[in-house]
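Student:
And the structure:
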């Protein structure tokens, strides 16, 4: 049962994408087929999440090879948590664009490829396979950034592609080096053997992996590409990039940092905490100083990534729980905010306000759960400075969140602006409802976060 | 041998990095291709072993070459060449629009467009609101 679901969670988006590539995505029927297929894939991931939380990790070896020879697919709580939220965000963004009218024939296929890459990436147990899936989702992201083919979008796509390819190459070098020192590509075995390797050789590998994922996540010194790309993208594409694709960075840091290379992560705690702090402060200050909504959100994404890094630096069960919960909540927030910022009309402002509250961490929005987990982690770490930092970060995000709210939704609409179709607004309200629901009933989210942290802490 | 290989990788990677920092977009693409190939070389260097071909049944007592490294390098080559094709198509698209592959020219054309937008000549572009000071700052960020 578990392994069937696992196989289908990867296979469905995959075959769907290949089939959609041949069809004309501008036709509504094709759009709805893609939504149905991706919905089925999402259902598989949700079922898998339920099974993993109840019975523990699910594993299967592709192609019927004996274990240790074939490529393993492995679903543990950490992987399914990220897979569920990423595929969910992609599905919502796809529905948004289908309701709004797809303008390019390749859009549904690219989105399905992205979902295939991401679900494969979060559910694989093999480091090189991770790289391949990662490239699949990145490549579709490059193409998606250029969606609508306006000049500045094509230029944003070019910058995005060049910077992230550089990151991918660095990661590839890291994987090859890990293979060289451990003699395996299976992440579990790799984690076992990494402890016995000479620290001097593995520390540079850890740095390469850290740089690669920070580049994806858009952490402070590696963030320079991010605002241009998010501002240039069409709202659902920005939601996908920020709500789903950026999860690669968070997941990669948790998986390779906390799971495969825990000793090196511990060694680099100070660097991780400092970079996280810098990201939070820099992102928030830049966001306050910007006027354009999407730009504010882009810088806010840099700041929010900093929280995940700080939680990772705190470490331990509480820190990892906070990192996972915060990453999941942040994906939902960003998807909601980018989609709401792209729509106009009655009630969109309300949905945006829910997202803004959530980023700030005001109850009952889901962001409160994330902020609470962060506070718990910082108190557990016994650090006054970190607690103060999270508080200041929250206060700064309050400023920028309501600056944009005031600027966009409290001013009379610009001339010639049409309200978005009611179905689009209903979708955004649904997402806002989900964010509120996750804040009002946080037990499932917390259980997922704790289970994911359990995977990292109990690891070899 | 190790020294020679690492020198070659370093030179290839270094020239790629140099090309990425150029203003000409074609050079940037060539730089990316060079850097990906440095990574492929690195993979080969990381696990290259001499031995019999790893095909069952194995000859008795013989050491076999590691097939995994070659499989990895092959996959990486396919990925990097396809992404290079995508990058080239993006450059071509920019060339068609601006008649130039210099990032300065492309940016300058965009600034002109934004100014035209400010004068209200093209109200169709909703993604870039009028007169937002962020527009110009953004351009400086990405140069």
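Residue numbers (the numbering used here), protein chains in the order written: chain A, 333 to 792; chain B, 452 to 594.
Just so it is clear, CB atoms sit at the ideal spot from N, CA and C, and this is done for glycine as well.
(1) Check the C-beta distance from residue 627(A) over to residue 680(A) and give it rounded, since I have them as a contact under 8 angstroms.
(2) By Cβ distance, which residues of its chain are closer than 7 angstroms to residue 439(A), with the 5 residues on each side in sequence left out?
(3) List, in chain order, every chain A residue whose beta-carbon is nearer than 7 angstroms to that of residue 444(B).
(4) Just how far apart, CA to CA, sit residue 510(B) and residue 449(A)?
(5) Any idea what DSSP makes of residue 503(B), helix, strand or coil?
(6) Could you check whether the Cβ of residue 493(B) sits closer than 7 angstroms to any Cβ belonging to chain A?
(7) Going by other Cβ atoms of all chains shown within 10 Å of its Cβ, with 16 needed for buried, is residue 333(A) buried or exposed?
(8) Could you check what DSSP says for residue 519(A) in three-state terms: helix, strand or coil?
(9) Give me the residue from 655(A), 644(A), 475(A) with the minimum Cα distance to residue 538(B).
(10) Let me know the alpha helix (DSSP H) ranges lying completely inside the stretch 541 to 577 of chain B, each 4 residues or longer, listed in chain order.
(11) Can you give the Cα-Cα distance for residue 486(A) and residue 712(A), rounded to whole angstroms?
(12) Going by Cα to Cα distance, which pick from 707(A), 442(A), 558(A), 714(A) is closest to residue 724(A)?
(13) Under a three-way DSSP split, which group does residue 472(B) fall into?
(14) Just mark residue 346(A) as buried or exposed, buried being the case when its beta carbon has 16 or more other beta carbons within 10 Å.
(15) Which word fits residue 717(A), buried or exposed, when buried means at least 16 other C-beta atoms lie within 10 angstroms of its C-beta?
(16) Mind checking who residue 721(A) pairs with in its DSSP beta bridge?
(17) Say whether chain B places a C-beta atom closer than 7 angstroms to the C-beta of residue 612(A).
(18) Output needed in chain order: residues of the stretch 459 to 482 of chain A with a Cβ under 9 angstroms from some Cβ in chain B.
(19) Alpha carbon to alpha carbon, what distance is there between residue 540(B) and residue 561(B)?
(20) Per the contact definition of three or more C-beta pairs closer than 8 angstroms, is the stretch 503 to 516 of chain A in contact with the stretch 442 to 461 of chain A?
(21) So is residue 506(B) buried or exposed if we call it buried at 16+ other beta carbons inside 10 Å?
(22) Confirm, please, whether the CB-CB distance from residue 567(A) to residue 684(A) is below 7 angstroms.
(23) If you compare alpha carbons, which of 659(A), 518(A), 558(A) is closest to residue 580(A)?
(24) Run through DSSP, which three-state label would residue 392(A) get?
(25) Can the beta-carbon of residue 551(A) be found less than 7 angstroms from the beta-carbon of residue 607(A)?
(26) Counting only C-beta atoms, is residue 358(A) closer than 7 angstroms to chain B at any point?
(27) Taking the DSSP output, what are the residues bridged to residue 456(A)?
(28) Count the other C-beta atoms from every protein chain shown that fall within 10 angstroms of the C-beta of residue 461(B), then say buried if there are 16 or more, exposed otherwise.
(29) In the DSSP assignment, the alpha helix (DSSP H) including residue 793(A) goes from what residue to what residue?
(30) Would you give the residue range spanned by the alpha helix (DSSP H) that residue 513(B) belongs to?
(31) Buried or exposed: where does residue 678(A) fall if 16 or more other Cβ atoms within 10 Å of its Cβ makes it buried?
(32) Cβ of residue 691(A) within 7 angstroms of Cβ of residue 576(A)?
(33) Within 10 Å of its beta-carbon, does residue 775(A) have 16 or more other beta-carbons around it, so buried, or fewer, so exposed?
(34) Do the stretch 492 to 502 of chain A and the stretch 480 to 493 of chain B meet, that is, are 3 or more Cβ pairs less than 8 angstroms apart?
(35) Which chain A residues are close to residue 515(B), counting only those with a beta carbon under 7 angstroms from its beta carbon?
(36) Chain A partners of residue 523(B), CB-CB under 9 angstroms?
Tutor: Here's the rundown:
(1) Locating residue 627(A) in the first chain gives position 295, where the first residue counts as 1. Locating residue 680(A) in the first chain gives position 348, where the first residue counts as 1. Wrong, their Cβ atoms sit about 19 angstroms apart, outside the cutoff.
(2) Working through the first chain from its first residue, we reach residue 439(A) at position 107. 357, 429, 479.
(3) Past the edges of chain B, shown from 452 to 594, lies residue 444(B), and the structure says nothing about it.
(4) Counting from 1 along the second chain, the entry for residue 510(B) is found at position 59. Counting from 1 along the first chain, the entry for residue 449(A) is found at position 117. Taking the straight line from one Cα to the other gives about 39 angstroms.
(5) Against the second chain, residue 503(B) aligns to sequence position 52. If DSSP states are grouped into helix, strand and coil, residue 503(B) belongs with the strands.
(6) Position 42 of the second chain, counted from the start, is the residue given in the question as residue 493(B). So yes, residue 493(B) belongs to the interface.
(7) Taking the first chain and counting its residues from 1, one reaches residue 333(A) at position 1. Exposed: under 16 other Cβ atoms inside 10 Å.
(8) As a first step, residue 519(A) is located in the first chain; it is residue number 187 there, counting from the start. Helix.
(9) Walking along the second chain from the start, residue 538(B) turns up at place 87. Closest by alpha carbon: 475(A).
(10) 554 to 569
(11) What you label residue 486(A) is simply residue 154 of the first chain in a count that begins at 1. What you label residue 712(A) is simply residue 380 of the first chain in a count that begins at 1. Rounded to the nearest angstrom, the two C-alpha atoms are 46 angstroms apart.
(12) In the first chain, counting from the first residue as 1, residue 724(A) sits at position 392. The shortest Cα separation from residue 724(A) among 707(A), 442(A), 558(A), 714(A) belongs to 707(A).
(13) For the purposes of this step, residue 472(B) is identified with residue 21 of the second chain, where counting begins at 1. Residue state, collapsed to three classes: coil.
(14) Taking the first chain and counting its residues from 1, one reaches residue 346(A) at position 14. By the 10 Å Cβ count, residue 346(A) comes out buried.
(15) Looking up residue 717(A) in the first chain gives position 385. Under this definition residue 717(A) is an exposed residue.
(16) Residue numbering aside, residue 721(A) sits at position 389 when the first chain is read from its first letter. For residue 721(A), which the question treats as bridged, DSSP gives no partner whatsoever.
(17) Position 280 of the first chain holds residue 612(A). False, the Cβ-Cβ gap to chain B never drops below 7 angstroms.
(18) 460, 463, 464, 467, 468, 470, 471, 474, 475, 478, 480, 481, 482
(19) Looking up residue 561(B) in the second chain gives position 110. Looking up residue 540(B) in the second chain gives position 89. When rounded, the distance between both Cα atoms is 19 angstroms.
(20) yes
(21) Taking the second chain and counting its residues from 1, one reaches residue 506(B) at position 55. So residue 506(B) counts as exposed.
(22) In the first chain, counting from the first residue as 1, residue 684(A) sits at position 352. In the first chain, counting from the first residue as 1, residue 567(A) sits at position 235. Taking 7 angstroms as the Cβ cut-off, residue 684(A) and residue 567(A) do not qualify as a contacting pair.
(23) The residue you call residue 580(A) lines up with position 248 of the first chain. Answer by Cα proximity: 659(A).
(24) Residue numbering aside, residue 392(A) sits at position 60 when the first chain is read from its first letter. Here residue 392(A) sits in strand by DSSP.
(25) Position 219 of the first chain, counted from the first residue, corresponds to residue 551(A). Position 275 of the first chain, counted from the first residue, corresponds to residue 607(A). Closer than 7 angstroms, so yes.
(26) Numbered from 1 along the first chain, position 26 holds the residue referred to as residue 358(A). Cβ-Cβ to chain B under 7 angstroms: no for residue 358(A).
(27) Your numbering for residue 456(A) matches position 124 in the first chain. Its beta-bridge partners are 405(A).
(28) Looking up residue 461(B) in the second chain gives position 10. Residue 461(B) is exposed by the Cβ-count criterion.
(29) The question about residue 793(A) has no answer, for chain A in this structure spans 333 to 792.
(30) Translated into the one-based positions of the second chain, residue 513(B) becomes position 62. Per DSSP, residue 513(B) belongs to no alpha helix (DSSP H) and is neither H nor E.
(31) For the purposes of this step, residue 678(A) is taken as the residue at position 346 of the first chain. Classification of residue 678(A): exposed, given that the 10 Å Cβ count is below 16.
(32) Within the first chain, numbered from 1, the residue matching residue 691(A) stands at position 359. Within the first chain, numbered from 1, the residue matching residue 576(A) stands at position 244. Not closer than 7 angstroms, so no.
(33) Numbered from its first residue, the first chain carries residue 775(A) at position 443. With fewer than 16 other Cβ atoms within 10 Å, it is exposed.
(34) yes
(35) What you label residue 515(B) is simply residue 64 of the second chain in a count that begins at 1. Neighbours of residue 515(B) on chain A: none; closest Cβ ~14 angstroms, over 7 angstroms.
(36) Locating residue 523(B) in the second chain gives position 72, where the first residue counts as 1. 460, 463, 504, 507, 508, 511, 517, listed in chain order.
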